[in-house]
Amino acid sequence: MKLIGYYSSPYVRRVGITLKLYDLSFEHYPLSTSTDREAIKRYNPTGRLPALVLDSGEVLVDSSIIIDHLDELVGPENALTPPAGAPRRQVQSFVGFALAAMDKYIAAYYETTKRPEAHVFQPWLTQLENQVDAALTVLNHRLDGQLLCDDRLTQAEVTAVAAIEAMRFDMPHLAPPGRYPKLDKLVVAVSAVDALASTKPVP
Ligand SMILES: N[C@@H](CCC(=O)N[C@@H](CS)C(=O)NCC(=O)O)C(=O)O
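Structure follows, in structure tokens:
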């Protein structure tokens, strides 16, 4: 398989972390939406990341669709999202808020980096930043300083850490240390896991 996209994208990173935690072999093509748009379009005509090229040549896009496929490959016993019931709902609900934080911070990032400064619409930017705060507040509230499922890493932690570390890379004022203390603890708790340490965003 080929994973298209650089790990500065939290969506690419959550797929990269998942591939590594599942011990699935893949080639990584760290293309950037800023500098490699034409090359990305060879895999995904919309120019969006991530894309996963399967050994069959089929291409999957959107991190959640890709992760759903990877979960199927490794089977329900090994998947990072529990197969059913309350544990599945708990993880999916957490992932939903982590993706909301990701989507809103990326929108805020584009508002400030894609527009000329004079055209940034401050009320919209403020709303996006408030939505990031609302999502991170929910995540922080739900964490108890430990992993969600009996100390076993799940897609909840993977997606939350991908979101918060990307934010700290691109827009650090959105998640300063201390504002979401349980998320801080989570980041520290998983920092030595190779799949996370080896996929950290780099300038
Ligand atoms: N819902 C998508 C979001 C993907 C996304 O927004 N990717 C960004 C990179 S962080 C991107 O490709 N942006 C460029 C664009 O949309 O043209 C997913 O989960 O994969």
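Numbering that gives the first Met the number 0 numbers the first residue of the sequence shown as 0 and each following residue consecutively.
Ideal Cβ positions, reconstructed from N, Cα and C, are used throughout, including at glycine.
Remember, predicted model here, so these are calculated numbers, not experimental data.
Sorting V201, K1, D169, Q154 by C-alpha distance to the C-alpha of G56 places K1 at the top. In this structure, the C-beta of I105 approaches ligand 1 to less than 7 Å from one of its heavy atoms. A contact is defined here as three or more CB-CB pairs under 8 Å, and the region 165 to 173 fails this definition with respect to the region 35 to 48. Around M101, the same chain offers P9, A162 as residues with beta carbons nearer than 6 Å, after the five sequence neighbours per side are excluded.
When only Cα atoms are considered, L72 and K19 end up about 13 Å apart. In the three-state DSSP reduction, K1 falls in the strand class (E or B). Short note on P49: C-beta closer than 7 Å to some heavy atom of ligand 1. In chain order, P81 place their CB closer than 6 Å to the CB of R87, counting only its own chain and leaving out the 5 sequence neighbours on each side.
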